[in-house]
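Residue numbers (the working numbering): 57 to 437.
Below: the structure, in structure tokens.
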């Protein structure tokens, strides 16, 4: 399906695609098998200034728009889903600082993050509340010139590899939504430690770990915005770089699975004919293509609206994330059917695409929670 990209957007897309296919694609299978972090791939992206794509030039970034970020993540995901999700987590953290940080905080952190010298992470989920930030239990109590933080976070992307963590905490136990704040906590802060690396079904290169805070002393200068603005900050930052970033990863996985299926359908010969001549295979590929094109149209249109007439309605971001994650699962599953038994074997990347796509339906918000949130907004109940 045709989409009228600007020349700058075309350059971003082509440049990132070239780097991703040359530097990331060949490593993806080994990363998946060994569960090793995507460090080498991030270094290659850093050399091309991709990690600072959407950070303003004032702070050492490229100053590109959200659509540029989405295009870049999509191309990275075609080569390696884990690397793409790592970039998304880093970008959420940098965008949180950009949206809510004071000038001193921005100048202190963003240049290093734009250069990829300091990786970022975004920390909300907890074992007793999942992604429901209203129920979070990690506490930060102000004592003199510092917050004393106690609690834990789970399933944190880039954990232990990141240098700076944007952590959602409760600063006022009696304040409800207004009692939640955002702190920046640096790796190596006393009382801040990491749990074991999770052994997951897919997305095995993102270093998912639990974080522990035990009497962790964090300077009050590290609060982003004001006390009680944590949920507001999350809402600002997670739309463009969380939901849209995750959607771009799903879209990239779906597109590469579709491309592989079309190629296989043309080249796989049975009884003297390519399997793509079979109407059943043609039907599968048609359904896959329709899903990918529709997801892309939804994503690009909503992101373009965000860039030209912000802010984008939260319900649109939720819809796009929901639809694309379901499309990615459906398309990668159908790709396995096109490949037959070969698709089920680890010698081919199709099963990795499926496992990675399955994980995207759980990131940031699950499919079921997204549907509930969308329904609540639409009905007003």
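All C-beta atoms in this analysis are idealised placements derived from N, C-alpha and C, irrespective of residue type, glycine included.
Going by beta carbon distance, what residues of the same chain come within less than 7 angstroms of residue 113, once the five residues before and after it are set aside?
119
Taking all protein chains shown into account, do 16 or more other C-beta atoms lie within 10 angstroms of the C-beta of residue 385, making it buried, or fewer, making it exposed?
buried
Where DSSP assigns a beta bridge to residue 196, which residues make up the other side?
205
Could you check what DSSP says for residue 389 in three-state terms: helix, strand or coil?
helix
Which whole-angstrom value describes the C-beta separation of residue 174 and residue 219, a residue pair presumed to lie in contact below a C-beta threshold of 8 angstroms?
4 angstroms
So, residue 115 versus residue 167, is the Cβ gap smaller than 8 angstroms?
yes
Through-space distance from residue 311 to residue 84, alpha-carbon basis
16 angstroms
Cutting at 6 angstroms between CB atoms, please list the residues of its own chain near residue 381, excluding the five before and the five after it.
306, 416, 417
At the level of alpha carbons, what is the spacing between residue 71 and residue 110?
15 angstroms
Rounded to a whole number of angstroms, what is the C-alpha to C-alpha distance between residue 223 and residue 395?
43 angstroms
Span of the alpha helix (DSSP H) holding residue 143?
137-156
Whole angstroms is fine: what's the gap from residue 249's alpha carbon to residue 142's?
20 angstroms
Nearest candidate by alpha-carbon position, reference residue 209, set 202, 225, 199:
225
Around the Cβ of residue 431, are there at least 16 other Cβ atoms within 10 angstroms (buried) or fewer (exposed)?
exposed
Which of the three DSSP states is assigned to residue 99 in this structure?
helix
Cβ pair count under 8 angstroms reaching 3, the segment 127-144 against the segment 256-267
yes
Boundaries (first-last residue) of the alpha helix (DSSP H) holding residue 220
Run containing residue 220: none in the alpha helix (DSSP H); it sits in the beta strand (DSSP E), 220-226.
Taking only the alpha-carbon atoms, compute the straight-line gap between residue 65 and residue 362 and give it to the nearest angstrom.
15 angstroms
Three or more C-beta pairs under 8 angstroms: does that hold for the segment 272-287 against the segment 237-251?
yes
Length at least 4, wholly inside the segment 337-398: the alpha helix (DSSP H) runs in chain order
370-395
Taking C-beta to C-beta, are residue 172 and residue 98 nearer than 8 angstroms?
yes
In angstroms with no decimal places, state the Cα-to-Cα distance between residue 392 and residue 159.
50 angstroms
Of the residues 326, 328, 302, 338, which one's Cα is nearest the Cα of residue 144?
302
Reference residue 231; option with closest CA among 203, 191, 256, 207
191
Between which two residues does the alpha helix (DSSP H) holding residue 265 run?
Not the alpha helix (DSSP H): residue 265 falls in the beta strand (DSSP E), residues 265-275.
Identity of the residues DSSP links to residue 177 by a beta bridge:
221
Helix, strand or coil: how does DSSP classify residue 233 here?
helix
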